[in-house]
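Residue numbers (the working numbering): -7 to 112.
All residues carry an ideal CB built from backbone N, CA and C; glycine is no exception.
Here is the structure we will look at.
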């Protein structure tokens, strides 16, 4: 995602496609290794789920802030469903950053990244 944040135009489009390919690999691995995974209760959350939600749980904010869609029900259905189910849990809701706050942070961070890339 770092390259997606610091690029524009064709370079960004290439980075988006590369990110989609990588997340597709993750999606296929989740489907293969955890085919019957149920995430319904707070007790269903382990280290893998914490890592996924901490790293990718803000995908909607990224989409809103920079206008790219990398994780979704079509390209990465298993990953998408895991994130959606995790975000419904009270244990996650208690600690997640509010959506609007995250969008604002990502927008400011992107501007900083673009400025640094322009000055490089």
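Cβ distance (whole Å) where residue i is taken to contact residue j below 8 Å
i, j, result
"residue 29", "residue 91", "Actually they do not touch by this definition, with Cβ atoms about 25 Å apart."
Nonlocal neighbours in the same chain, by C-beta distance under 8 Å from residue i, ignoring five residues either side
i, result
"residue 7", "-5, -4 and -1"
"residue 71", "15, 18, 19, 22, 44, 48 and 63"
Contacts around residue i, its chain only, beta-carbon distance under 7 Å, and the 5 residues preceding and following it disregarded
i, result
"residue 1", "none"
"residue 35", "none"
"residue 56", "95"
"residue 84", "45 and 78"
Cβ of residue i within 7 Å of any chain B Cβ
i, result
"residue 11", "This model lacks chain B altogether, as it is built from one protein chain only."
Cβ neighbours of residue i in the same chain (closer than 6 Å, five flanking residues each side left out)
i, result
"residue 94", "50 and 53"
"residue 99", "57"
Status (buried if at least 16 other CB within 10 Å, exposed otherwise) for residue i
i, result
"residue 10", "exposed"
"residue 41", "buried"
"residue 39", "exposed"
Any non-hydrogen atom of the ligand NAD within 6 Å of residue i CB
i, result
"residue 13", "With respect to the ligand NAD, the structure offers nothing, as it holds no ligand at all."
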